Structures are given as C-alpha cells and as structure tokens.
RNA sequence: GGCGCAUUCGUCUAGCGGCCUAGGACAUCGCCCUCUCAAGGCGAAGAUCGGGGGUUCGAAUCCCCCAUGCGCUACCA
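Residue numbers (my numbering): -10 to 492.
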C-alpha cells in the first residue's frame, strides 16, 4: 500500500441529482480521508455534454453538505490541483492523449459511428463478442492523410497489447487478472475533443495525487484498461478499492437513479427526496455508513466521530447490499428521539410551514410548535409525519365526521352525555396543565361506567379531530382552556345534531 | 455470448479452522406498560452458512466443480 499522504476523491458526473449510491461512495471516501487526516476532493466529471444537467451540480454540492461531507479541494473552494471541473481541463487531456499517440500507445481512429454500429451488428449476428475490430490501428500515413483530407474528426484509441495479461490488486477484491486479448481498444478522446471517463479519470487521479480510488463496483471491469493506461504513461496506479453495489430493496438489481417501485410502495433514491421526506442527515449518514461496511458484530448506532475513528477498508464488504428502507426508518426515528425538544421543533419548522401553508416565521412564533414537538417526538419516524399529528393545534376548525364522536361500543346518547360531563369538568378547571386535566377527567371514567379508552377516545376526537393523536391531556394543555372548551362545545353540537336526526 | 464479481436468518450483517448446538440489528409475532398511536422493557420464531465434491482429527471459514444473481461489454459515467 502506498505510503503517500491520503488523498481521495469523489468524482461525480453532473448528469442527475445525487442518489444514495453516490452518497455512500462519497461518504466512504470522506470517512477514509478524515480517518487518516487526509484530503477529500470533489471533482466534477462533466465530460458528457449530451447528458449534462444544469442543476445537478448545485444539488450535488448541497446534498453533500447536508450530509456533512465537506471537501478540502473542489470546484468552489479551489485547491492546488485545480481546476476541478474536467471540462476546464480539456487541453490537459488532449496533450496527454497526443503524447500517447506519439509514443505509439494510442492511435487515431476515423471510423464513423455508423460503421461501428454495423460492425457490432455483424458481430452480434455471428455470436461473437462485440468489440472494435481495430480497423484504424494499422492505418498507413497515407490512409490517415486521406481521412484527414475528408475532414473527418478522429477519436484517439488506446492500443491495447494484443497478448499477455494485466493484473491489479484491489484491496477489497484481491488480485484480479485478465487476458489483454479480452480488452477493447477503448476510446480515450472523443471526436469533439472531450476525453472519455477512462482518460480523464486516470490523468486527473495522477495529477491530483490521488492515493486511493474508492468507487462503485461497476468500475471493476474497466480497471485493467486503466492500469494499461497508467503503464503507458509510466505512472504508478493508486490503490484500488471497489465498493459493493447497492441493490434496490427487492435485491434484484442495482438502485437506479429513478424512483423505485417495490410491490405497492414507491421508494426514494435521491438524497434530496430523503431530505424532503424528513430524514435527518445524521441518520442518513449513520445508515449509509453501514451499507457495505460494519464496525463490529453489534454496533448499529454510531456517532460520526466513532465512524471516523474506526473506518477501515478491511471491513468493507464484498457482497452487494440491498437498501433497507425499514432499517433506515427505524434509525431515523431513533435519531429523532435523540434530538432535544427544541432542536426537534426547529427542524420541524419547514415541514409544518409547508404542510400547514404558513410561513416559517409564523410557525416558529407559535408556541404550539415547541410545546407539541416533544409530544410527537417518539411517534414519528420521519419529520414530515409530524404535520398531521400537530395540525390540530394550528387549525381553527376541525374536520371530522360527527359519527366518530360516538365512543367505542357506546351509544350516541351516552357519548353525548360523556362529552357534556367532560365539558363541565374542563370548564371548572383552574389550573390547566396536563396533570390537572387528567385528575379532573379521569374520575369521569368511573362515574360514566365506561372504559378509559372509550371516554378519552371521544374527547380525543373532539379536541384533535382524530382517533390517533399525541397524548390527550398534554394536547389539551397545549391548546389551552378556551380552545378546548370551544372544541368540546362544537363536538357537543355536532353530536346533538346527529342524535336529533336519529331520534 | 465474453469477461469479471458475489452467494450466512425475509433484510443488513458478525464470522477470517476448534470460542458456532452460527452472534447482533431491522422487520415479524407474543407479553408487559398504556387515554389512542408510538416509544420502552421482556420474550419467541427465524440461516443445517447456494449445491456437490474434496483437504483436515475438525470447515460457514481452505481448494475444485456446478448453479444462481449482479456488473461490465458505448465517441455514458
């Protein structure tokens, strides 16, 4: 292993929003850098002009920051090895590619996409493995001049050795050897002057002094080509570590960049979607840490510092891992419960504002936000769930069917009676805190000869409009006596009407 | 088709020759707590370690073959 200082990079292509697979790759690199007091670099591989997406870069950086993955060198922060956009390094790739041609390691290829397509079609028909037939590898100077004269813009291809083997060692996979004869003369420089991934990646990793390459498993098959490139340049390759792919929850294939539909459930795949659904960055961080890596046989919950302290390439798993939304949800709930009530309230603000149609300032100003936060804390798994548990405290009128005011296994009349008694008791209260409210209402259970769940179920509907809510007495205390009385009156009125109709 | 990688409870994993009658977590189920829903506590069930051959006194752990899955096979990354 290299003794050079640790310099790792996350090198996404801005062709879409950051997805969990990319986030995991970034996270592992970040963890490794922090663990070894190394440098974490963000490099943008924007060499595909056809798939470039305008707002992808912004999302990428915003989501990495949201997860707490800060970079030491990169597009916006600069660094000694910039620029960090590959599109701004075109001349570098061109120079190196031409150098390879001069030295006989690469050659110009004038084949048209049509010819290549036809060739592949032929190969398919004959049942041969598809691959470039190296038509241009042996062009004479005269033939080349003719193509040039026709104005054809060539690509540059690597002249892969026809014989022998190429092997490399991946710290996670071990040593892998392939026959050179199975390798294609890959394109290094496209006809538009842009490099392909392979060329740009190898050059930049070398120029930026990258010590370890940690990236997704899908790159493993192209490593031999990269090694050949390093050899052609006379460079020492970095340490390779290919991370297991993340499978979609069905375990049937890798997570695509689009949303997944598994069974009847739709699942998120973009980091942005998780954020908007109310997942905590610290939960995402912890969870992602564990997909493909483990600290030991027991640890699930792990503060960032602990992860940094223990992160190790040795413990990265080989096998692909299915993304478990259930476990993520559980973990998110756990992290929500760890928040201080005030912190939870603050994090809830944007969700409440959006869900209730209020401004964030107003939500923040309303005392209910902070008072209710601890009551929903252990009841939600994602922040967005809090809205429907808390909205009763923000709405003036509750919307619920009068029938729901009828207690479990009770008559409408008995329910109405219960409501009226509750109203009286509440009206007589001086102090209006949860214990006082409970002390006043609880005796009604016996007096009315019902079960606690029956009585409180009725009042719960009256107060919150829902059969499921935060604890009743606490909720009432948050609302305050006046509003509670109004809601009880409203409930009595609705139920009376219902009883009247029936009678 | 070719090349490559992988294969332990439903899922994520621990395991690197004896500590394994395989441990933990999520999910599931049951009980307790209880004003609903949760949270929490306790407990249960769940994997003969993909299959078959070896090696060894002894294998989930080492070797070989097979099967299955996944990835790559673009002027995409």
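Don't be surprised by glycine CBs; every beta carbon is placed ideally from N, CA and C.
From a predicted model like this one, the values you see are computed outputs, not experimental measurements.
1. Give the single residue among 339, 135, 410 and 382 whose Cα lies nearest to the Cα of residue 266.
2. Among 389, 393, 357 and 367, which has the Cα closest to the Cα of residue 379?
3. In or out: residue 253 buried (at least 16 other Cβ within 10 Å) or exposed?
4. Output the residue ranges of the alpha helix (DSSP H) runs that lie fully inside the region 336 to 401 and measure 4 residues or longer, sorted by chain position.
5. Kindly provide the ranges of any beta strand (DSSP E) runs that are 3 or more residues long and lie completely inside the region 162 to 211, ordered along the chain.
6. Tell me, to the nearest whole angstrom, how far the beta carbon of residue 209 is from that of residue 187; I am working on the premise that it is less than 8 Å.
7. Looking only at its chain, what residues have a beta carbon closer than 8 Å to the beta carbon of residue 495, apart from the 5 residues adjacent to it on each side?
8. Evaluate residue 8 with the Cβ neighbour count: other Cβ atoms within 10 Å of its Cβ, from every protein chain shown; 16 or more gives buried, anything less gives exposed.
9. Taking the CB atoms as reference points, tell me whether residue 430 and residue 449 lie closer together than 8 Å.
10. What's the C-alpha gap between residue 63 and residue 46?
11. Whole angstroms is fine: what's the gap from residue 162's alpha carbon to residue 277's?
12. Taking only the alpha-carbon atoms, compute the straight-line gap between residue 284 and residue 300 and give it to the nearest angstrom.
13. Measuring only the C-alpha atoms, how far is residue 132 from residue 139?
14. If distances are taken between C-alpha atoms only, which option among 231, 189 and 478 comes closest to residue 157?
15. Touching or not, the region 339 to 353 and the region 187 to 197, by the rule of three or more beta carbon pairs under 8 Å?
16. Can you name, in chain order, every residue of its own chain whose Cβ lies under 7 Å from the Cβ of residue 548, other than the five neighbours on each side?
17. To which residues of the same chain is residue 93 closer than 8 Å at the C-beta, ignoring the five residues directly before and after it?
18. Quick check on the burial criterion: 16 or more other C-beta atoms within 10 angstroms. Buried or exposed for residue 171?
19. For residue 463, does the count of other Cβ atoms within 10 angstroms reach 16, so buried, or fall short, so exposed?
20. For residue 205 and residue 442, I'd like the C-alpha separation in whole angstroms.
21. So residue 271 and residue 324 are supposed to be a Cβ contact under 8 Å. How far apart are they, rounded?
22. Would you be able to state if there are at least three C-beta pairs under 8 Å between the region 178 to 185 and the region 72 to 82?
23. Would you tell me roughly how many angstroms separate the C-alpha atoms of residue 229 and residue -3, rounded to the nearest one?
24. Find out if the Cβ-Cβ distance for the pair residue 407, residue 444 is shorter than 8 Å.
25. Do you know how far the Cα of residue 155 is from the Cα of residue 110?
26. My guess is that residue 90 and residue 82 are in contact by the Cβ rule of under 8 Å, so how many angstroms apart are they, rounded?
27. Quick one: what does DSSP say residue 217 is sitting in, helix, strand or coil?
28. List, from N- to C-terminal side, the beta strand (DSSP E) runs of 3 residues or more that fit wholly inside the region 88 to 113.
29. For residue 69, which option in 32, 38 and 59 has the closest C-alpha, if you only look at C-alpha atoms?
30. With burial defined as no fewer than 16 other Cβ atoms inside 10 Å of the residue's Cβ, what is the status of residue 42: buried or exposed?
31. Which term fits residue 221, buried or exposed, when burial requires 16 or more other beta carbons within 10 angstroms of its beta carbon?
32. Secondary structure at residue -1, three-state DSSP: helix, strand or coil?
33. Whole alpha helix (DSSP H) runs in the region 415 to 467 with 4 or more residues, listed along the chain?
34. Taking the straight line between their C-alpha atoms, what separation do you get for residue 67 and residue 44?
35. Is the Cβ-Cβ distance between residue 365 and residue 459 less than 8 Å?
36. Residue 146 bridges to which residues according to DSSP?
So, from the data block:
1. 339
2. 357
3. A caution first: residue 253 carries a pLDDT of 49, below 50, which makes its placement in the model too unreliable to give a value.
4. 349 to 354, 356 to 365 and 375 to 379
5. 163 to 168, 176 to 178 and 201 to 205
6. That pair is no contact at about 13 Å.
7. Limits of the chain in this structure are -10 at one end and 492 at the other, which puts residue 495 out of reach.
8. buried
9. no
10. 12 Å
11. 21 Å
12. 7 Å
13. 11 Å
14. 231
15. no
16. Nothing in the structure corresponds to residue 548, since the chain is present only between -10 and 492.
17. 148
18. exposed
19. buried
20. 53 Å
21. 5 Å
22. yes
23. 11 Å
24. yes
25. 28 Å
26. About 13 Å separates the two Cβ atoms, so there is no contact after all.
27. helix
28. 95 to 98
29. 32
30. exposed
31. buried
32. strand
33. 423 to 437 and 441 to 453
34. 20 Å
35. yes
36. 96 and 176
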